[in-house]
Every structure is written in structure tokens, then in C-alpha cells.
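Position one of the sequence shown corresponds to residue 639 (this note's numbering), numbered consecutively onward. Quick reminder that beta carbons are idealized off the backbone N, C-alpha and C, glycines included. Nothing here was measured: the structure is a model prediction, and the numbers come from that model.
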Amino acid sequence: GELFSLLARNLSLFILSSSSQKEPKKKQQLSICNKLCYAVGGAPYQVTGCALGFFLQIYLLDVAQVNPFPASIILFVGRAWETFTDPLVGFCISKSSWTRLGRLMPWIIFSTPLAIITYFLIWFVPDFPQGQELWYLLFYCLFETLVTCFHVPYSALTMFISTEQSERDSATAYRMTVEVLGTVLGTAIQGQIVGQANAPCLQYLNGSAVASESANRTYSTSSLRETQNAYLLAAGVIASIYVICAVILTLGVREQREPYETQQAEPMSFFRGLRQVMSHGPYIKLIAGFLFTSLAFMLVEGNFALFCTYTLGFRNEFQNLLLAIMLSATFTIPIWQWFLTRFGKKTAVYFGISSAVPFLILVALMESNLIVTYVVAIAAGISVAAAFLLPWSMLPDVIDDFHLKQPHSHGTEPIFFSFYVFFTKFASGVSLGISTLSLDFAGYKTRGCSQPASVKFTLKMLVTMAPIVLILLGLLLFKLYPIDEEKRRQNKKALQALRDEASSSGYSDTDSTELASIL
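Rendered as C-alpha cells:
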């Protein structure tokens, strides 16, 4: 009796407060300027990550002249530390309180100057020969920590730029376009400025390495210094881009708080929030599906240079092929945004991710042909665009569904995003380990001008057949993902009712909290 009485009383207040409004509440829309400012914030992570991913190894070996074993330790520990920092930063953000700048923006603002300093020092060769390994390990881990302090709150910011699903999806499409451009920009800047740092290949005769004629010379101290300065110049340019993007993001985006979030008196503990997040079925199914598809694309990404160099024989075309893929992805992201709006996100996943399979099969079967390889690279960019866009577009839907099922659990957005990034980087680490071990067993020759047939076959399997199997497994898992377009529409209406109820002046705090529980 009390329950129905309370429900009737609150619904009566809701009807009265609604009818007293002369005009209906307008849909909250983001301007194109707001979306562009938000999208620009995604470039720093991609630009720096691309430069480090493609060039840090050759820099440590040939420019900083670190021995191979310590260099592998630096790269492995740095990748492992990067994975660990995501949930750690997510925990710290979840304990943060709201300020005049918001809850996420202070992390972005204060981490930026420290991040660019540590990034620049990664590419600086210290004068002391002893302890260089510790220098690079320290600043690599520090930079990964600081860039995580930028990227995790930026990713969670998706939920706080608008309460409208369509506006968040549109902003995510802008963001993915800029992030793909950031990848292209990072590759182009680093590749053009430090192109002279490429190490000469070695001919292996009877198990011993002999330098080829093009490499039969010694670099003078001045030429090595010029190469070091080229890396510093590239680091300075990329650091400047980082700062400019952070400033645009800070000035052009306003972090908005959900109306119903203010009703919660005490913030939820991190571990309680983590238990609730990890027990949310749609979230687990989403990250499981994208874990397999991400692993597939990262296998291709991690072995693409070696595959082009040794299996296809295009040693000098790697950067151009990568540029073709990323430009194709950039131009097709708006098409995928239209597609998911028109046909739904699950349909876009099936079409977008699976579109890579025919081209991977073609690469596996065809002979080395540069023109065909460029055609396949442009076509592969279409699937890469879907892989960039769809995870970040679907994650807010999962969080909305969680808010409806757990109406008093607020402040969990950083946990959702940080652990998704964690699993993505976990996939990256797994792909790196699988690739390295496979090539080692196949008899890979370091810096060789050519490789044994077993290595070429292994590279072909890592770039074609293994990703195909992983993509198919990921798509099978997506069949279990429960949030389709009908479910999204229902969640949108329910959330809007909850927001209207929270912002209505006709309710007391106690009544509105009780009604939220009933809903």
C-alpha cells in the first residue's frame, strides 16, 4: 500500500510539474565546434603511440646504441607497465571529486606538461654510457603513466559531453577520424624527419653476419649526432602537437554532470564499483568480442613491416602502404558512422570487422605484386575504420544500460573505460609475445637482408590466417551481445525519464531517490 501510494504521489507531482512547463525541454545538441574540439583531444595519444610503436626499437638499437637484450627489457617492461597503469589511473579518477573544471579535466590539464617533458627525454641520448638503460626505462614508464592520465579521463569524457546517445555517437565518429589522422601524422612526421636513421641490412653467410656494400662504412660521430638531433626534432614537433591539442580540448569542451548523479550522497568505493562493472553481462560480452578482434588487427599491425619487407619484398614501401591504409580508414569513418546510424551498431560490427577477411585471404594466396598490395591496403583501411570507431561507439551504450540497472552507482565511467583500454593493451602484449616467439622458433635473422622460407611462411600466417580465425571467434561472441537498436531506444527513453525526474523542481530529494529505485 505504501509503495503504490508513494508511486501515485510522485507520478502526480511529475505530471503537474511537466504540465506547468510552457515549452518542452529541447534536445541537448553539440555544435560542430564542440565535436571538433573534443575529437582533437584524441590525437596526442595516437601520435605519440605511433611514433613509439614504430621507431623506439630502432632508435634504442641503432641511435642510442643500447644492447639488444637491455633494449628488449625496456620495451617489454614499458608495455607491461602501460597495461598496469590503466586500472590504477581509473581507480584514482574514481576517487576524485568534482571541481570547477569537472572531475576529468584536471587530470588532462595537469598531466600534459609533464607528459611532453618525459616524451622529449625518451628521445634524448644522455652523455653517460653507464646507466643509459635505466634512463630510457625510467622515462618510458613515466611517459606511459602520464599519457594514461590523459587518455583514460579523455576516453571517459565521452559520457560527460552530452546526455544524448546520438550526440555522443556523432562526437565519437569525429574523434575516431582525428585519431586515425593522428596515426597518419605520427608516422609521417617521424618517418620523414628520421628516415636517415634506418639501419643497413646484413647478409648472413655460414651463420655469420656480413654487412652489405651499402652498409660497408662506419658512421662518424658527427653523423650519429645528426641522427640523434633528427629524433629530438621529431620529438619536439610531436610534443608541440600534443600541447596544442590539449589546449583546444580544454578550451572547447565543457564537462557536464548527470542531473541524477547529484542525488548520491556518498561516492561508491572503487572495488565495489569494479565488482559491479565486471558482473555486468553486456560489458563482459562486449570486451570479450573486441578482445579477439583487437588481437587480430594488432597481429597484423605488429608484423606488417616485417611482412612487407621479407615476405612481399617491399622493403622501401612500408611507410607508403601504411599511409594508404590510414588515409583509407580516415575517409571511410564518416561512412561507417552513417551506416551504424542507419542499420544499427551490431550490424555495423558484422559488416565492418568481417570485411577484412576477403582481403586477408587474398594476401595469403596472391604472389608479390605491388599494385595489388596497394589495392588491398586501401580496402583494408575500410575495416580498420570500423575497428577504430565501433568499440568506442558501443561502450557508452553499455554504461547507459548499467546506469539503469544500478541507478545509485555513479562515478564508474573511468572503470569502464580504463579496463577496456587495459584489455586492449593486454591484447597488444599478447600479440607481441606470440609474434616474437613464433619468429624466434622459425629462425629469424636479426637485420637480415632476407629470411628463411620458414620465417616468410610464419609471417604470412601471423598476418593472414591467425587474424581471420580471431575475427571469426570475435564475431561469434558478438552474437551474445544483448544491446541491439530496440534495447538502445528503450534505455534512452528510461534514462531521459530519470533525468527529467531528477531535474524536476516538484520532487524532494528523498522522494526522487525512492522513485528512481522503483524505476
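Here A681 is not near Y757, since their CB atoms are 8 Å or more apart. Counting along the chain, Q975 sits inside the alpha helix (DSSP H) bounded by residues 956 to 981.
Secondary structure note for Y757: its alpha helix (DSSP H) is the uninterrupted segment 743 to 760. The Cβ-Cβ distance between A986 and L1028 falls below 8 Å.
With respect to C688, T825 sits close: the two C-beta atoms are nearer than 8 Å. In terms of Cβ geometry, E893 and L742 form a close pair [threshold 8 Å].
Residue environment for R980: exposed (fewer than 16 other C-beta atoms within 10 angstroms of its C-beta). Per the Cβ contact rule, the region 714 to 732 is in contact with the region 774 to 791 (3 or more Cβ pairs under 8 Å). Nearest Cα to S1031 within the set F692, A811, R910, S735: A811. Linking Y988 to Y948 through their CA atoms gives a straight-line distance of about 32 Å. The DSSP-derived three-state label of T801 is coil. Going by beta carbons, V701 and I876 fall outside the 8 Å limit. Under the three-state reduction of DSSP, T1011 is assigned to helix. Under the rule that a run must span 3 or more residues, no beta strand (DSSP E) segment is found entirely inside the region 759 to 832. Non-local beta-carbon contacts of R1126 in its own chain, meaning distances under 6 Å to residues more than five positions away in sequence, involve D1035 in chain order. Pairing I1109 with V915 gives a Cβ-Cβ distance that is not under 8 Å.
In the pairwise beta carbon analysis, the region 1089 to 1103 is classified as touching the region 930 to 944: at least three pairs are separated by under 8 Å.
A distance below 8 Å between beta-carbons, with the five flanking residues on each side excluded, links S1073 to the following residues of its chain, in chain order: L937, G940, N941, L1100. In this structure, I963 and A1002 do not form a Cβ contact; the two beta carbons are roughly 17 Å apart against a cut-off of 8 Å. If you compare the alpha carbons of H1041, V885, F766, F1064 with that of A1135, the shortest gap goes to H1041. Its chain contains no residue whose beta carbon lies nearer than 6 Å to that of S669 once the 5 sequence neighbours on both sides are disregarded.
Under the three-state reduction of DSSP, G1081 is assigned to coil, being neither helix nor strand.
In the structure shown, G990 adopts helical secondary structure according to DSSP, grouped into three states. The beta carbons of L1075 and F930 sit no closer together than 8 Å.
Secondary structure note for V1093: its alpha helix (DSSP H) is the uninterrupted segment 1091 to 1098.
In this structure I746 is in contact with A884, their Cβ atoms being roughly 6 Å apart against a cut-off of 8 Å.
Only residues of its own chain outside the window of five on either side were considered, and among them A1025 have a CB closer than 6 Å to the CB of F935, listed in chain order.
In the DSSP annotation of this structure, the continuous segment of the alpha helix (DSSP H) that includes L694 starts and ends at 681 to 696. By the CB criterion at 8 Å, G1112 and G927 fall inside the cutoff. The criterion of a C-beta distance shorter than 8 Å is not satisfied by W976 and A1023. Under the criterion of beta carbons closer than 8 Å, F777 and L759 qualify as touching, at roughly 5 Å.
Between I754 and the set F1064, K984, V881, the nearest pair of CA atoms involves V881.
Taking 8 Å as the cut-off, the Cβ atoms of I799 and Y683 do not count as close.
Judged by DSSP in its simplified three-state form, T723 adopts helix. If you ignore the 5 residues before and after A994, its C-beta comes within less than 7 Å of the C-beta of A1018, S1021, I1109, all in its own chain and listed in chain order.
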